[in-house]
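Student:
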Amino acid sequence: MKKQVIFGLLLASVLLCISGQDEEDYQESPTILVALLVRNKAHTLPMFLSYLEQQDYPKKRIAFWLRCDHSSDDSIDLLRQWLNQSGDLYHSVSYVFDPDEQSYANESSPYEWPASRFKHLIALKEEAFQYGRDIWADFVFFLDADVLLTSKDSLNVLTRLQLPIVAPMLISESLYSNFWCGMTDDYYYRRTDEYKEIYHARKIGSFPVPMVHTAVLVNMNHKAVRNLTFDRNKLVEMQKSRQQEPLYDGPADDIIVFAISANSSGIPLHICNDITFGYILQPLEPGDTLEQDLQQLVNLKGIMVNDLGAVPPLLDYYKHLERKPVKNKLSLDHIFMINLKRRPERRAKMEELFVELGIEAEYFEAVDGKELTTERLQEMGVRFLPGYEDPYHHRAMTMGEIGCFLSHYRIWVTMVRKELKEVLILEDDIRFEPYFRQNAVRVLNQARSVVEYDLIYFGRKRLKEESEPGVTNADNLVHAGYSYWTLGYVLSLQGALKLLAAKPLEKLIPVDEFLPLMFNRHPNKTWSEAFPKRNLVALSASPLLLYPIYYTGESGYVSDTEDSKQINVDTNEEGEARLKSDREQVFGQGVESTLDQQLKLGESLSKSHQEL
Numbered sequence: 000m001k002k003q004v005i006f007g008l009l010l011a012s013v014l015l016c017i018s019g020q021d022e023e024d025y026q027e028s029p030t031i032l033v034a035l036l037v038r039n040k041a042h043t044l045p046m047f048l049s050y051l052e053q054q055d056y057p058k059k060r061i062a063f064w065l066r067c068d069h070s071s072d073d074s075i076d077l078l079r080q081w082l083n084q085s086g087d088l089y090h091s092v093s094y095v096f097d098p099d100e101q102s103y104a105n106e107s108s109p110y111e112w113p114a115s116r117f118k119h120l121i122a123l124k125e126e127a128f129q130y131g132r133d134i135w136a137d138f139v140f141f142l143d144a145d146v147l148l149t150s151k152d153s154l155n156v157l158t159r160l161q162l163p164i165v166a167p168m169l170i171s172e173s174l175y176s177n178f179w180c181g182m183t184d185d186y187y188y189r190r191t192d193e194y195k196e197i198y199h200a201r202k203i204g205s206f207p208v209p210m211v212h213t214a215v216l217v218n219m220n221h222k223a224v225r226n227l228t229f230d231r232n233k234l235v236e237m238q239k240s241r242q243q244e245p246l247y248d249g250p251a252d253d254i255i256v257f258a259i260s261a262n263s264s265g266i267p268l269h270i271c272n273d274i275t276f277g278y279i280l281q282p283l284e285p286g287d288t289l290e291q292d293l294q295q296l297v298n299l300k301g302i303m304v305n306d307l308g309a310v311p312p313l314l315d316y317y318k319h320l321e322r323k324p325v326k327n328k329l330s331l332d333h334i335f336m337i338n339l340k341r342r343p344e345r346r347a348k349m350e351e352l353f354v355e356l357g358i359e360a361e362y363f364e365a366v367d368g369k370e371l372t373t374e375r376l377q378e379m380g381v382r383f384l385p386g387y388e389d390p391y392h393h394r395a396m397t398m399g400e401i402g403c404f405l406s407h408y409r410i411w412v413t414m415v416r417k418e419l420k421e422v423l424i425l426e427d428d429i430r431f432e433p434y435f436r437q438n439a440v441r442v443l444n445q446a447r448s449v450v451e452y453d454l455i456y457f458g459r460k461r462l463k464e465e466s467e468p469g470v471t472n473a474d475n476l477v478h479a480g481y482s483y484w485t486l487g488y489v490l491s492l493q494g495a496l497k498l499l500a501a502k503p504l505e506k507l508i509p510v511d512e513f514l515p516l517m518f519n520r521h522p523n524k525t526w527s528e529a530f531p532k533r534n535l536v537a538l539s540a541s542p543l544l545l546y547p548i549y550y551t552g553e554s555g556y557v558s559d560t561e562d563s564k565q566i567n568v569d570t571n572e573e574g575e576a577r578l579k580s581d582r583e584q585v586f587g588q589g590v591e592s593t594l595d596q597q598l599k600l601g602e603s604l605s606k607s608h609q610e611l
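Residue numbers (numbering that gives the first Met the number 0): 0 to 611.
(1) Between the region 217–227 and the region 197–207, do three or more beta carbon pairs fall short of 8 Å?
(2) Identify, in the order they occur along the chain, each residue of the same chain with its Cβ nearer than 6 Å to the Cβ of Phe335, setting aside the five sequence neighbours on each side.
(3) What's the call for Trp135, buried or exposed, on a 16-neighbour Cβ count within 10 Å?
(4) Give the single residue among Pro109, Gly265, Val304 and Gly386 whose Cα lies nearest to the Cα of Leu507.
(5) Could you check where the alpha helix (DSSP H) with Leu174 kicks off and where it finishes?
(6) Have a look at Asp99, Thr485 and Pro167 and flag the residue whose alpha-carbon is nearest the alpha-carbon of Leu544.
(7) Could you tell me the alpha carbon to alpha carbon distance between Ser406 and Arg342, rounded to whole angstroms?
(8) Leaving out the 5 sequence neighbours to the left and right, which residues in its chain are closer than 7 Å to Gln295 when beta-carbon positions are compared?
(9) At a cut-off of 7 Å, is Val37 close to the ligand FAD when judged by its beta-carbon and the heavy atoms of the ligand?
(10) In angstroms, rounded to a whole number, what distance separates the CA positions of Leu462 and Tyr408?
(11) Rounded to the nearest angstrom, what separates Leu356 and Ala365 at their Cα positions?
(12) Using 8 Å as the threshold, is the C-beta distance between Phe518 and Ala479 below it?
(13) Do you know whose CA, among Leu169, Asp143 and Ser448, lies nearest Ala200's CA?
(14) Just verifying my parser: in three-state terms, what is the DSSP assignment at Tyr110?
(15) His69: which of Asn105, Ser91, Gln161 and Pro98 sits nearest, CA to CA?
(16) What is the rounded straight-line gap between the Cα of Lys532 and the Cα of Ala501?
(17) DSSP state of Ile134, grouped into three classes?
(18) Looking at the structure shown, is His119 part of a helix, part of a strand, or coil, going by DSSP?
(19) Considering Cα atoms alone, identify which of Leu77, Lys59 and Phe530 is closest to Tyr89.
(20) Do Ser102 and Phe276 have their CB atoms nearer than 8 Å?
(21) Do Val66 and Val95 have their C-beta atoms closer together than 8 Å?
(22) Whole beta strand (DSSP E) runs in the region 267–346 with 3 or more residues, listed along the chain?
(23) Along the chain, which unbroken stretches of the beta strand (DSSP E) at least 3 residues long are found entirely within the region 397–466?
(24) Three-state secondary structure (DSSP) at Arg66?
(25) Between Ile429, Leu490, Pro433 and Pro468, which has its C-alpha nearest Tyr456's C-alpha?
(26) Quick one, which of Tyr278, Asp55, Asp76 and Lys420 has its alpha-carbon nearest Ile614's?
(27) How should Pro250 be labelled, buried or exposed, when 16 other C-beta atoms within 10 angstroms of its C-beta is the threshold for buried?
(28) State the Cα-Cα distance for the pair Asn298 and Leu384, rounded to the nearest angstrom.
(29) At what residues does the beta strand (DSSP E) containing Thr485 begin and finish?
(30) Compute the Euclidean distance between the alpha carbons of Glu106 and Val208, then round it to the nearest angstrom.
(31) According to DSSP, what are the bridge partners of Ala166?
(32) Evaluate Asn338 with the Cβ neighbour count: other Cβ atoms within 10 Å of its Cβ, from every protein chain shown; 16 or more gives buried, anything less gives exposed.
(33) Please report the straight-line C-alpha distance between Asp230 and Tyr187, rounded to a whole angstrom.
(34) For Glu361, which of helix, strand or coil comes out of DSSP?
(35) Identify which residue in Pro509, Tyr483, Phe530 and Val470 has its Cα closest to the Cα of Ser541.
(36) Decide if Gly286 is buried, meaning its Cβ has at least 16 other Cβ atoms within 10 Å, or exposed.
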């Protein structure tokens, strides 16, 4: 009897322990029906299906309702390949492929939306909804093949929210996404401040919105979802039966009707940006071409590299379909990318970007300020501009800033030695704007046709609200004003000669202060006087073509110039640098005034750097 009591107590304690654990540990994941309509998506399907298959969600809890028709490309073949290779991994797949119908009546383009296409699409979505009810799916996920769900946690995050309707916020090459924050009384998109706050993740969470589309998860266990519809006639009938006024009189557009039916049924729609779910292509217009969608993919891959470090891989059986643009030099003689040897992760990311964007660039090892010493600077004959002080931090130059200048200086020397006429110089902490290659070539061609330029900023920080007149007969160029940053700029051979002729190592200041001095737009007139010949012809792309990955204060921001050791020097009237720790020690002189000597110094610097 005593043993029975002890056993009972032990069993009770075990049950208590079990009941105290997460309920999720003892429940299967909700069932999801993925409703997918495909038309002419052979160029996106390999990525779309690969990322969907890489979801960290039990595949036997996922069913597919798949339809493909009116396609004139290889969409059906790719879907059949996926079915043969991966279909058995899932709970079930209901599919219908119609290879015979390749276009709609009265359709002039695959990107046009005649009434017959809307009617067919709405009927299929209604069928998918009913199929989800028939198989007792917990969720129906309406998904377009323009969606690239790169986060493996997407389905887990969305289903755990247990919201009646929720969409994962998706990123595009612009501000376009799969939700609206405002809708006018006549059912058109309305701009709001909240949209940018959500899109740029200035606030994180799940937010009620009037419209979601393209990737929409519907909780089928919510009582009111039985009233949801994509059909305008069904919506109006429902409103009449409830005596709701006014009756819907808007367009027979599936996503608008769905949003209004949710609103009429008291069901909130939410957009979630808890994580970076993935990416979305913008819909094409009737006059557009497939090439524009392919370029969108290139742009999105560039964004993926910035966000994720690399483009997620395709399934093995789709890898032969990977497309990479052919690399080129943007019509320039050369492209250099400056990178510190101790920052291999930055180099790897930049090289991934070059592959995805089609840019032929050469790695150029930066001079590392951490490896510089005052003795080495003496050997190089480096002296500092008398009276220089950082305008914002009120400090002397840091070793990182010195290394940065010397890195750029070495490239200028290389240009002259190799007689490179036009060179793009890139740093390694940048992000390229969409359509970078096309816009870069356009800017360069405009510059060549209207002016003999020395320098063109592709990326910069404009520091003064001063007039920057446009370049005559050039749509995308302005005359540059006082600017910071050397993220990316094109330098001509003539420009390199002018910079070297100024003998900057004899009166060193940070490179992004030196350049504005040389084109005579620097506000510090005392510093300007140290460089009498300030005739650099400096332009800037407008709009800019590249930006920093991070800004000061943002998570992930690291500066190898600002966060390094200061040189800690004073300067006398002759510009001789004196160490604050030893005021009697004076840096050596010996830098000759000729351009030939400047070139020799650059070569010596290169050799010295290799020895570091």
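We put the CB at the ideal spot given by N, CA and C, even for glycine.
Tutor: Judging by the given coordinates:
(1) no
(2) Glu361, Phe363, Ile410 and Ile424
(3) exposed
(4) Gly386
(5) Looking at the DSSP string, Leu174 is not in any alpha helix (DSSP H), and its letter there is neither H nor E.
(6) Thr485
(7) 15 Å
(8) Glu172, Leu280 and Gln281
(9) Ligands are entirely absent from the displayed structure, and the ligand FAD is therefore not among its contents.
(10) 23 Å
(11) 23 Å
(12) yes
(13) Leu169
(14) coil
(15) Pro98
(16) 7 Å
(17) coil
(18) helix
(19) Lys59
(20) no
(21) First, the amino acid is wrong: residue 66 is Arg here, not Val. Taking 8 Å as the Cβ cut-off, Arg66 and Val95 qualify as a contacting pair.
(22) 268–271, 277–279 and 333–338
(23) 421–425, 429–431 and 454–461
(24) strand
(25) Leu490
(26) Summary: the structure shown does not reach residue 614, with the chain confined to residues 0 through 611, and so no result is reported for it.
(27) exposed
(28) 43 Å
(29) Ser482 to Ser491
(30) 33 Å
(31) Ile270
(32) buried
(33) 18 Å
(34) strand
(35) Val470
(36) exposed
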